[in-house]
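Data block below; observations after.
Structure, rendered in structure tokens:
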């Protein structure tokens, strides 16, 4: 598989050999809105109900209502913020948590419950698992000029990290849309679409290295999965048109017979 446009962590998988007939184009510009993903395509809308908490605060939840997940917290006296991120990769949805130092610094990503639990133990923190909760999200569509509703689910922390393989209509919609990778990075700059609609989902762009996605799928496996998805699942691109440059062919296609034409060259 040949990759065109930018570089990402899974490019290292090409060292194991590649099929030049398969081309993965990272276009660097395509982006979709939450409404595009959750309504038009049918990707499940989920959020994380848990996160890291300080041990002395663990269990200190409101008397009524749900615990607000992904709170900022101090680690070794330094303030950190938590946010959730998602990656749709070759028909499977991966969900992770990002921990970043307030004011700058490289973020740290967690793509498994075990990795987050190990980090919590090393730094004297605890995990708030949270509870499942089903609700309805409401967004104003700038393009449709109306309020759009769709179901959404808060997932307990342990369930949040479980990869979800799409099936049925959702998978078919992803294939029809020609999506190999779609990432929602909370730290990425969000482009604007028509009518200033926010487009937080980057499609087929080299974004996974910044999300440390190698912790979810190693470079070799990622490369192979992309090659199989592009070469065997997505529909083949339509053949491009051929520009005819031969003047004789152009004349004949236009119904102009050079043998009977009255036109002559300059020397005729």
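Numbering (this note's numbering), first residue to last: 245 to 512. Using N, Cα and C, we set each Cβ at its ideal position, and we do this for glycine too. Note that the structure is a prediction, hence the values are computed from the model and not measured.
Buried or exposed by the 16-neighbour rule on C-beta atoms within 10 Å, applied to residue i
{"i": "residue 307", "result": "For residue 307, the pLDDT reaches just 40, beneath the cut-off of 50, and the residue's location in the model is therefore unreliable, leaving the point undetermined."}
{"i": "residue 465", "result": "exposed"}
{"i": "residue 372", "result": "buried"}
{"i": "residue 376", "result": "exposed"}
{"i": "residue 309", "result": "In this prediction, residue 309 has a pLDDT of 46, which is less than 50 and means its spatial position is unreliable; what the coordinates show is noted afterwards. It counts as exposed."}
{"i": "residue 391", "result": "exposed"}
{"i": "residue 384", "result": "exposed"}
{"i": "residue 280", "result": "buried"}
{"i": "residue 285", "result": "buried"}
{"i": "residue 423", "result": "buried"}
{"i": "residue 440", "result": "exposed"}
{"i": "residue 293", "result": "buried"}
{"i": "residue 347", "result": "exposed"}
{"i": "residue 472", "result": "exposed"}
{"i": "residue 431", "result": "exposed"}
{"i": "residue 436", "result": "exposed"}
{"i": "residue 248", "result": "exposed"}
{"i": "residue 316", "result": "exposed"}
{"i": "residue 444", "result": "buried"}
Residue i and residue j closer than 7 Å at C-beta
{"i": "residue 267", "j": "residue 246", "result": "yes"}
{"i": "residue 398", "j": "residue 380", "result": "no"}
{"i": "residue 447", "j": "residue 276", "result": "yes"}
{"i": "residue 438", "j": "residue 270", "result": "no"}
{"i": "residue 467", "j": "residue 257", "result": "yes"}
{"i": "residue 253", "j": "residue 463", "result": "yes"}
{"i": "residue 456", "j": "residue 353", "result": "yes"}
{"i": "residue 282", "j": "residue 291", "result": "no"}
Among the options, the one whose alpha carbon lies nearest that of residue i
{"i": "residue 413", "options": "335, 299 and 395", "result": "335"}
{"i": "residue 321", "options": "477, 368 and 279", "result": "368"}
{"i": "residue 514", "options": "357, 410 and 248", "result": "The question about residue 514 has no answer, for the chain in this structure spans 245 to 512."}
{"i": "residue 324", "options": "349, 446 and 333", "result": "349"}
{"i": "residue 374", "options": "452, 360, 270 and 401", "result": "401"}
{"i": "residue 299", "options": "417, 337, 361 and 283", "result": "361"}
{"i": "residue 421", "options": "453, 274 and 248", "result": "274"}
{"i": "residue 479", "options": "345, 419 and 272", "result": "419"}
{"i": "residue 474", "options": "333, 272 and 287", "result": "333"}
{"i": "residue 272", "options": "265, 378 and 452", "result": "452"}
{"i": "residue 433", "options": "454, 297 and 417", "result": "454"}
{"i": "residue 287", "options": "470, 411 and 255", "result": "411"}
{"i": "residue 415", "options": "378, 359, 337 and 442", "result": "337"}
{"i": "residue 364", "options": "458, 297 and 264", "result": "297"}
{"i": "residue 458", "options": "442, 355 and 314", "result": "355"}
Residue i beta carbon near the ligand MN (any heavy atom closer than 6 Å)
{"i": "residue 254", "result": "The model depicted lacks the ligand MN and carries no ligand whatsoever."}
Tell me whether the stretch 395–414 and the stretch 335–345 touch, counting them as touching only if at least three CB pairs, one residue from each stretch, are closer than 8 Å.
yes
So, does the stretch 314–330 touch the stretch 354–369, judging by three or more C-beta pairs under 8 Å?
yes
Go through the stretch 268–303 residue by residue and report every complete run of the alpha helix (DSSP H) that reaches 4 residues or more, in order.
none
Can you find at least 3 beta carbon pairs, one from the stretch 326–333 and one from the stretch 426–434, that sit closer than 8 Å?
yes
Within the stretch 398–451, ranges of the beta strand (DSSP E) (whole runs, at least 3 residues):
425–428 and 445–447
Ignoring anything shorter than 3 residues, give me the beta strand (DSSP E) runs that lie fully in the stretch 335–366, in order along the chain.
336–345 and 352–354
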